[in-house]
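Undergrad:
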Amino acid sequence: MPLNDEKPSSTSSAEDTGSDVESSSEVVSDLDSSRNSFNSDFSSKHCTPSSSPPKILTLDEVMESARDLFNLKISHEIVMNPSFHMDINSRPQNRLFEAVRDNMHKAFWDMLREELNDDPPKYQFAIKLLEEIREILLSFLNPGANRMRTQIMEVLDMDLIRQQADNNAVDIQGLASFIINTMGKLCAPVREEEIKKLRESTDNIVILLKEIFRVIELMRVDSINFSIELIRPLLQKYSVEYEREKFQKILDETPTALK
């Protein structure tokens, strides 16, 4: 290629023309060879059975690949959309999924109500709920919050609560009050009004527990969005490497995941 707008001489042009003709012939020849090679390979692969059977994936492997794809999509969205955040109403657009989930939630609260209204009360579902709430509260804590961690573990001691349940001595109302007060210490300012309503609630214990769980889910979304803001600069800096690594991991572990 001429540099600095220099014009090639006529002799050079003629030589280049001859050279271009030869080069073009070589390119055509190379293309024909490549095409024949490709057709031969394709025909051989198409007609000959694979030497190894396709990998059969377990359900766990499929689910892990789905999670990896979801994480890849979320990380890409965080990088590309500065206003991206999770919402409590974000859910798969799947009516069957929604119907199953809603029915399961309704069944849980109905069974909890029946258990606590029994004489004497039963606490199987209440204990499951308290245990899940405890784990969510612990997930909100910073690594150095040892005092509050110890307090939560002591008050929501599931072994002790099970023993109390066997003797019909569980103070559900007292445990609910402790949970609400702990939520008040951990919530974002935007949730303070919700916590106030919980403290002032005169509803029965089942409705109160249901509201506690609703608000704690809101707090969990707040925590996720706070984490998104923290990791956004890192994802923006290393997004290409992260997405390439995650994508390659999916292909290596489940080659059919994208089909």
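Residue numbers for the sequence shown follow my numbering, so the first one is 905 and each next one is one higher. Every residue, glycine too, gets a C-beta built ideally from N, C-alpha and C. None of the values given here were measured: they were computed from a predicted structure.
(1) Quick check: the Cα distance between residue 1095 and residue 1104, rounded to an integer number of angstroms?
(2) For residue 1016 versus residue 1090, is the C-beta spacing smaller than 9 Å?
(3) Indicate the three-state DSSP secondary structure (helix, strand or coil) for residue 921 in the structure shown.
(4) Determine the burial state of residue 1130: buried for a count of at least 16 other Cβ atoms within 10 Å of its Cβ, exposed for fewer.
(5) Taking all protein chains shown into account, do 16 or more other C-beta atoms lie within 10 angstroms of the C-beta of residue 1080, making it buried, or fewer, making it exposed?
(6) Nearest CA to the CA of residue 1084: which residue from 1120, 1003, 1030, 1133?
(7) From residue 1034 to residue 1110, what distance separates their C-alpha atoms?
(8) Using three-state DSSP, classify residue 1127 as helix, strand or coil.
(9) Specify the secondary structure class of residue 1026 as computed by DSSP and reduced to three states.
(10) Hey, quick one: how far does the alpha helix (DSSP H) through residue 1050 stretch, first residue to last?
TA: Reading from the atomic positions:
(1) As a first step, residue 1095 is located in the sequence shown; it is residue number 191 there, counting from the start. As a first step, residue 1104 is located in the sequence shown; it is residue number 200 there, counting from the start. Answer to the nearest angstrom: the Cα atoms are 15 Å apart.
(2) Position 112 of the sequence shown holds residue 1016. Position 186 of the sequence shown holds residue 1090. Not a contact, by the Cβ cut-off of 9 Å.
(3) For the purposes of this step, residue 921 is taken as residue 17 along the sequence shown, with counting starting at 1. At residue 921, the pLDDT of 42 sits below 50, so the modelled position is not reliable; the number obtained from the coordinates is stated separately. Looking at residue 921 - three-state DSSP - the assignment turns out to be helix.
(4) Start at 1 with the first residue of the sequence shown, and residue 1130 comes out as number 226. Per the 10 Å Cβ criterion, exposed.
(5) The count along the sequence shown starts at 1 and reaches residue 1080 at position 176. By the neighbour-count rule (16 or more Cβ atoms within 10 Å), residue 1080 is buried.
(6) If you number the sequence shown from 1, residue 1084 lands on position 180. For the residues 1120, 1003, 1030, 1133, the minimum Cα distance to residue 1084 belongs to 1120.
(7) Your numbering for residue 1034 matches position 130 in the sequence shown. Your numbering for residue 1110 matches position 206 in the sequence shown. If I take the Cα positions, the gap works out to 12 Å.
(8) What you label residue 1127 is simply residue 223 of the sequence shown in a count that begins at 1. Residue 1127 falls in the helix class under three-state DSSP.
(9) For the purposes of this step, residue 1026 is taken as the residue at position 122 of the sequence shown. Coil at residue 1026, not helix or strand.
(10) As a first step, residue 1050 is located in the sequence shown; it is residue number 146 there, counting from the start. Unbroken alpha helix (DSSP H) run through residue 1050: 1050-1059.
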